[in-house]
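*Asks:* Quick one: structure below, then a few questions.
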Amino acid sequence: MAVIQSYAVWNNKGGVGKSTITFHAASRYAELNPDKKVLVIDLCPQSNSSMMLLGGGVGGENSVLNLCTQPVPKTVVGYLSTVIAQGAGAPLPKPADFIVQASSYNSSLPGNIFLLCGDGNLEPMSPAISQAAAAPALTPSSKPWNWIHSIFKNFIASVEKADASDWMVFIDTNPSFAIYTELAVSAATRLITPVNADDSSRVAANAMLILLHGQTPPHPIYGAWTYAVQAHAHGLPIPQIHVVVGNRLTQHGGAARAFEALSDATSDTLYKAYQTHPGYFVPRQIPPKNLEEFRASFSIALRDFNTAGVVAAHLGKPLSKLTQGYYKVHGDDVYVNGDRVAECMKAVDNMCAGL
Numbered sequence: 001m002a003v004i005q006s007y008a009v010w011n012n013k014g015g016v017g018k019s020t021i022t023f024h025a026a027s028r029y030a031e032l033n034p035d036k037k038v039l040v041i042d043l044c045p046q047s048n049s050s051m052m053l054l055g056g057g058v059g060g061e062n063s064v065l066n067l068c069t070q071p072v073p074k075t076v077v078g079y080l081s082t083v084i085a086q087g088a089g090a091p092l093p094k095p096a097d098f099i100v101q102a103s104s105y106n107s108s109l110p111g112n113i114f115l116l117c118g119d120g121n122l123e124p125m126s127p128a129i130s131q132a133a134a135a136p137a138l139t140p141s142s143k144p145w146n147w148i149h150s151i152f153k154n155f156i157a158s159v160e161k162a163d164a165s166d167w168m169v170f171i172d173t174n175p176s177f178a179i180y181t182e183l184a185v186s187a188a189t190r191l192i193t194p195v196n197a198d199d200s201s202r203v204a205a206n207a208m209l210i211l212l213h214g215q216t217p218p219h220p221i222y223g224a225w226t227y228a229v230q231a232h233a234h235g236l237p238i239p240q241i242h243v244v245v246g247n248r249l250t251q252h253g254g255a256a257r258a259f260e261a262l263s264d265a266t267s268d269t270l271y272k273a274y275q276t277h278p279g280y281f282v283p284r285q286i287p288p289k290n291l292e293e294f295r296a297s298f299s300i301a302l303r304d305f306n307t308a309g310v311v312a313a314h315l316g317k318p319l320s321k322l323t324q325g326y327y328k329v330h331g332d333d334v335y336v337n338g339d340r341v342a343e344c345m346k347a348v349d350n351m352c353a354g355l
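Each residue of the sequence shown is one higher than the one before, counting from 1 in full-length UniProt numbering.
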């Protein structure tokens, strides 16, 4: 029994639905695999995936606030603060002191989802995290950068050690490559990369690869300080891209047509990276030999999550619990079509099947 995989849901671009995808991937995987446990680590200061998992709407917000305001917050900030205050080499805190069972707050979820809650204080705390990572090494064996960047990787290992179940881990992220995003990426073995059907996704895909792996030639001034260089120097593995998720795609013309527009914006960039650096991607049983095969191997279309997917997440409901009808979202009545729900769930099922 062990951690199956740890997936960071990340792209260097906002508005691509990272938190919504995290919620649906985690909740559906848990439903489809009742014999396994799912851990969600929310390393985005907005804490949207935490709010969804803890019930959605105002109730979810209040639950997050309650966890954040405890004497020792049961959040990513509470865990980070405790580990950093105790110092490198100290025994790690018990994971059970910080994670919560989502179904205790949200009866729509199965009992095998656990959450290390997000926390808005992650943003003001980030200078302290950066300072701890940049501290001078007092002995040859002390490696402050590696210690800080391995905090959540070690947290996952602690969860595995404390509970010998099969664990699937999802890590929600912020689009900016802030220090807490570096920690999120460092904790993952694989990446789920959401993109939109627009030209800016090509730029974001290229930026993501540079942030993770560096650029050639390195920048003459700040090149030595980048995450890519430091991770290589400290032997910290970079997660591989497992799947590119086309999100917020139009319903009109179907997913295939929508994905052509997506492919124009991003697939060329990603396929060129695959051709020159196949190690950036999770290997496939049959390696793709052309762009079309690459798209078939590495991309999934979720179609339009602006309706069923977003409404379900706002309510803290898995798609399996969402029925056709009107729902209140931020004071507005939003109609959800049952066919759209079924299409969204089928797409999420396809994504979960490949994890």
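Glycine is no exception: its CB is placed at the ideal position from the N, C-alpha and C atoms.
What does the alpha-carbon distance come out to for the pair P127 and P140?
*Replies:* Looking at the two C-alpha atoms, the distance is approximately 25 Å.
*Asks:* So what's G253 in DSSP terms, helix, strand or just coil?
*Replies:* Since pLDDT at G253 reaches only 45, below the 50 mark, its modelled position is unreliable, and no value is offered.
*Asks:* Strictly by DSSP, which residues pair up with A30?
*Replies:* Partner(s): none; A30 has no beta bridge.
*Asks:* Please report the straight-line C-alpha distance between G111 and S103, rounded to a whole angstrom.
*Replies:* 5 Å
*Asks:* So L43 and V76 are supposed to be a Cβ contact under 8 Å. How far apart are they, rounded?
*Replies:* 6 Å
*Asks:* Can you find the residues in the same chain that come closer than 7 Å, C-beta to C-beta, to N12, ignoring five residues on each side of it along the sequence?
*Replies:* P175, F177, A204, A207, M208 and L211
*Asks:* Identify, in the order they occur along the chain, each residue of the same chain with its Cβ nearer than 8 Å to the Cβ of P278, setting aside the five sequence neighbours on each side.
*Replies:* P287
*Asks:* Are the region 58-76 and the region 319-331 in contact at 8 Å, needing three or more beta carbon pairs?
*Replies:* no
*Asks:* Start and end of the beta strand (DSSP E) containing F152?
*Replies:* Not the beta strand (DSSP E): F152 falls in the alpha helix (DSSP H), residues I151 to A162.
*Asks:* By a C-beta neighbour count over all protein chains shown, 10 Å radius and 16 as the cutoff for buried, is V348 buried or exposed?
*Replies:* buried
*Asks:* Give me the Cα-Cα distance between I192 and W10, rounded to the nearest whole angstrom.
*Replies:* 6 Å
*Asks:* In the structure shown, what three-state DSSP assignment does S6 receive?
*Replies:* strand
*Asks:* Roughly how many angstroms lie between the CA atoms of F298 and P73, to the nearest whole one?
*Replies:* 38 Å
*Asks:* Would a C-beta distance cut-off of 9 Å place A172 and V3 closer than the cut-off?
*Replies:* First, the amino acid is wrong: residue 172 is Asp here, not Ala. No, the pair does not count as a contact, with Cβ atoms beyond the cut-off.
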